[in-house]
């Protein structure tokens, strides 16, 4: 078993009470993706999202690896606000700090932020510790 | 402890864009309005980290 710690990544948002733009730290994990016998050269930050049932990635990421996105199994994804997305499921491998996770991901033309969800990511690792006070996630592969 | 790679002012200029950072995240290598466009621009470069900078006026609730 190998432990890897990911510190939250600085992002920005507007504080409602002051109206000022301030820093916010978000749990993002850099991932290299393999699919269709191709592996992405770059790492892409994916939001670690315990509220997401499955992995959901922007369709452009899959297309850059040669995936014919619309040839995948069509699925409907419902968001918290009731918004429905159409996505297509493909087999992929996630490369995270030397660990390989063979899994499935849904790709959507309507999704910008890549999401790592519970099924297909969190259930594929040994243990996850989230420390919100110190702003890190420790994953045991 | 996390690393503060860029100032709020620098990030604000990048909001709502896909950004390719150097591996240590201190330098912006390229940026684009969509992931597809950015990946085409940087396709021959390795070891970059790509991130979507969420618009500052919206909470992130996927």
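Chains as they are written, first to last, in our numbering: chain Y, 1 to 141; chain F, 142 to 203. Each residue gets a CB set at the ideal place from its N, CA and C atoms; glycine is no exception. Every value quoted in this text rests on a predicted model; they were computed, and no experiment measured them.
| Query | Result |
| --- | --- |
| Proximity test, Cβ basis, 8 Å: residue 192(F) and chain Y | yes |
| Short CB-CB distance (under 8 Å) between residue 88(Y) and chain F | no |
| 8 Å Cβ cutoff met for residue 45(Y) and residue 192(F) | yes |
| Nearest to residue 185(F) (by Cα), restricted to the options 201(F), 153(F), 175(F) and 161(F) | 161(F) |
| Residue 152(F) in three-state terms, based on DSSP | helix |
| Bridge-paired residues (DSSP) for residue 98(Y) | Its beta-bridge partners do not exist; DSSP assigns none. |
| Contacting residues, own chain, Cβ-Cβ under 6 Å from residue 100(Y) (five flanking each side not counted) | 93 |
| Any 3 or more C-beta pairs closer than 8 Å across the region 169-185 of chain F and the region 46-53 of chain Y | no |
| Nearest candidate by alpha-carbon position, reference residue 3(Y), set 12(Y), 129(Y), 112(Y) and 123(Y) | 129(Y) |
| Residue 172(F) in three-state terms, based on DSSP | strand |
| Inter-residue Cα distance where the pair is residue 19(Y) and residue 199(F) | 12 Å |
| Spatial distance of residue 35(Y) from residue 121(Y) (CA atoms) | 16 Å |
| Touch test, the region 112-119 of chain Y against the region 7-23 of chain Y, Cβ-Cβ under 8 Å, three pairs minimum | no |
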